[in-house]
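S.K.: Here's a structure for you.
In this note's numbering, the protein residues as written are -8 to 288.
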């Protein structure tokens, strides 16, 4: 049947084009370039801090404590007075007036919450339970299977389908180190193995999205600066929006009217570039860490 042959040829042609596109994107994402100058990183850092200043009234009620923890970390790491002022304002308006809760250790390292029985906890994702354990070092919670599994490098077996699984696990392990929850040898070993997984993800997944920024951030936060390719840093700087923010869009081609057909951390979509506090907080913390690392060299 001639039409069947035509369909087959079209399918083969599409497969070849997709393969060529993928190979080109992977090459571009891993090509050798010169190290990114600290002045470039600082310029983009300043733009992102300015976005935070301009957008504070819009984002201050964001109910995601780890994003404000990232701003706190960036303020402490960079010594930037603007960031310190923003965090102090957030603390005064949103932390100090409220009673301590399960997430308070992010902002008060000396506080350890009393964790209720698991059945009394709100419904939390596995990684959120791991965060809760790593912030509290709660002995009873440590015995839960979902916690013990996340101490092992094989927890995120389907990580390419769950692009933030490995980085979330790494965040929990880093909190364990910060708050001295124990299991030192296991935690150190698992972090080392997860670094390799993240490097593999960054090598093959060329989409410069929220998840991409998070991967580079966790390599920096875990001390693997020498494993971060300069092109990955350059890609993140180039992906910054004009207003200094980042988002979760990796545009493939414009559609007019400011809309683009884009890849995201999950599925393709048609959309416009809108600032994401989630992506931008990660970008700010990452650039603060990179600037500190450059100063120490």
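Each residue gets a CB set at the ideal place from its N, CA and C atoms; glycine is no exception.
A quick note: this is a predicted structure, and the numbers were derived from the prediction, not measured.
By alpha-carbon positions, which one of 21, 77, 255 and 280 ends up nearest to residue 48?
M.R.: Counted from its first residue, the chain shown places residue 48 at position 57. Residue nearest to residue 48 within the set 21, 77, 255 and 280 is 77 (criterion: CA-CA distance).
S.K.: Considering residue 181, what are the terminal residues of the beta strand (DSSP E) in which it resides?
M.R.: Taking the first residue of the chain shown as position 1, residue 181 is located at position 190. No beta strand (DSSP E) contains residue 181, which is instead part of the alpha helix (DSSP H) from 175 to 195.
S.K.: Is DSSP giving residue 263 helix, strand or coil here?
M.R.: Here residue 263 refers to the residue found at position 272 of the chain shown. Residue state, collapsed to three classes: strand.
S.K.: Going by other Cβ atoms of all chains shown within 10 Å of its Cβ, with 16 needed for buried, is residue 144 buried or exposed?
M.R.: By one-based count along the chain shown, residue 144 stands at place 153. The residue is buried, with at least 16 neighbouring Cβ atoms inside 10 Å.
S.K.: In whole angstroms, what is the alpha-carbon distance linking residue 278 and residue 2?
M.R.: Sequence index remark: in the chain shown, residue 278 carries index 287 (1-based). Sequence index remark: in the chain shown, residue 2 carries index 11 (1-based). If you take the alpha carbons of residue 278 and residue 2, they lie about 43 Å apart.
S.K.: Would you report the Cα separation of residue 285 and residue 29, rounded to the nearest angstrom?
M.R.: For the purposes of this step, residue 285 is taken as residue 294 along the chain shown, with counting starting at 1. For the purposes of this step, residue 29 is taken as residue 38 along the chain shown, with counting starting at 1. The alpha-carbon atoms of residue 285 and residue 29 are separated by roughly 7 Å.
S.K.: Three or more C-beta pairs closer than 8 Å, one from the stretch 134 to 141 and one from the stretch 104 to 124: is that the case here?
M.R.: yes
S.K.: Please go through the same chain and pick out, in chain order, the residues whose beta-carbon is closer than 7 Å to the beta-carbon of residue 223, but skip the five residues on each side of it.
M.R.: By one-based count along the chain shown, residue 223 stands at place 232. The answer, listed in chain order, is 193 and 207.
S.K.: Tell me, which residues are paired with residue 242 by DSSP?
M.R.: Looking up residue 242 in the chain shown gives position 251. According to DSSP, residue 242 bridges with 253.
S.K.: Could you tell me which residues DSSP puts in a beta bridge with residue 247?
M.R.: The residue labelled residue 247 in the question sits at position 256 within the chain shown. 250, per the DSSP bridge assignment.
S.K.: Compare the beta carbon distance of residue 154 and residue 276 with 9 Å and say whether it is the shorter of the two.
M.R.: For the purposes of this step, residue 154 is identified with residue 163 of the chain shown, where counting begins at 1. For the purposes of this step, residue 276 is identified with residue 285 of the chain shown, where counting begins at 1. No, the Cβ-Cβ distance between residue 154 and residue 276 is not below 9 Å.
S.K.: Please say whether residue 88 and residue 95 have beta carbons closer to each other than 9 Å?
M.R.: In the chain shown, the residue the question calls residue 95 occupies position 104. In the chain shown, the residue the question calls residue 88 occupies position 97. Result no, Cβ atoms of residue 95 and residue 88 do not sit closer than 9 Å.
S.K.: Could you give the DSSP three-state label for residue 232: helix, strand or coil?
M.R.: The residue given as residue 232 occupies position 241 in the chain shown. Of the three classes helix, strand and coil, the one that applies to residue 232 here is coil, per DSSP.
S.K.: Identify whether residue 31 lies in helix, strand or coil by the three-state DSSP scheme.
M.R.: Numbered from its first residue, the chain shown carries residue 31 at position 40. Residue state, collapsed to three classes: helix.
S.K.: Between the alpha carbons of residue 296 and residue 45, how many angstroms are there, rounded?
M.R.: The question about residue 296 has no answer here: the residues shown for the chain are numbered -8 through 288.
S.K.: Quick one, are the C-beta atoms of residue 205 and residue 160 less than 9 Å apart?
M.R.: To locate residue 205, count along the chain shown from 1; it is residue 214. To locate residue 160, count along the chain shown from 1; it is residue 169. Their beta carbons are not under 9 Å apart, which means residue 205 does not touch residue 160 by this criterion.
S.K.: In angstroms with no decimal places, state the Cα-to-Cα distance between residue 26 and residue 114.
M.R.: Here residue 26 corresponds to residue number 35 of the chain shown, with the count starting at 1. Here residue 114 corresponds to residue number 123 of the chain shown, with the count starting at 1. The alpha-carbon atoms of residue 26 and residue 114 are separated by roughly 44 Å.
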